[in-house]
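So my numbering is basically just the index in the sequence shown, starting at one, shifted up by 78. The next block holds one structure in the form of structure tokens; read it before the comments.
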Amino acid sequence: MKNVQLMVVLLGSLPLFALGGGAGAAQNQGAVTKPGARIRIDASRAKPTYANFVRVTGSPEELIIDFGLNAQPIGVPKEAIVIDHRIVMNYFTAKRMLAALETSLKRHEAVFGPIETDIQKRIQRRQTRSTSAPSHRPSESVASHAERPAATRLLDQ
Numbered sequence: 079m080k081n082v083q084l085m086v087v088l089l090g091s092l093p094l095f096a097l098g099g100g101a102g103a104a105q106n107q108g109a110v111t112k113p114g115a116r117i118r119i120d121a122s123r124a125k126p127t128y129a130n131f132v133r134v135t136g137s138p139e140e141l142i143i144d145f146g147l148n149a150q151p152i153g154v155p156k157e158a159i160v161i162d163h164r165i166v167m168n169y170f171t172a173k174r175m176l177a178a179l180e181t182s183l184k185r186h187e188a189v190f191g192p193i194e195t196d197i198q199k200r201i202q203r204r205q206t207r208s209t210s211a212p213s214h215r216p217s218e219s220v221a222s223h224a225e226r227p228a229a230t231r232l233l234d235q
């Protein structure tokens, strides 16, 4: 992969997609990131991974986030969930990440509707939809194929 430059979107003084910290951060402690500043990011060693399980623990100084794959998402898993990745970060970076995730989720829900995290409610809703007539309320409708490019563009803003 090649080096990729990303535009950092700032929320107040919090970068939303470049979370900072790491090597070289100590020498730049006095520097203030200006809105619209470009930060070079080398993602050539990044390996995409899927996770449907997350566990968050911590110590007084650091937050520990474990990611894994739960092969049985309904009910209590019969086998242990294998943790594939563990991210350890300070609470300052965690708070910036929280702001970035919150903004991304709000944008997604504004386009595609609310995200239900309770799997039982999602199953009930799916069963109710399949047995009842389709609803025409905007909050429950899904963007048609023709509308999707415009809706997707909203996520990129």
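Positions of the beta carbon are idealized from the N, C-alpha and C atoms, including for glycine.
The Cβ atoms of residue 144 and residue 161 lie closer than 8 Å to each other. Rounded to whole angstroms, the separation of the alpha carbons of residue 205 and residue 173 is 38 Å. Of the candidates 152, 182 and 142, 142 places its Cα closest to the Cα of residue 168.
Distances from the alpha-carbon of residue 152 to those of 200, 207 and 114 put 200 closest.
Restricting attention to 181, 192 and 150, the CA atom closest to the CA of residue 131 is found in 150. With distances taken between CA atoms, residue 165 lies nearest to 133 out of 186, 133 and 157. Annotated three-state conformation of residue 154 is coil, per DSSP.
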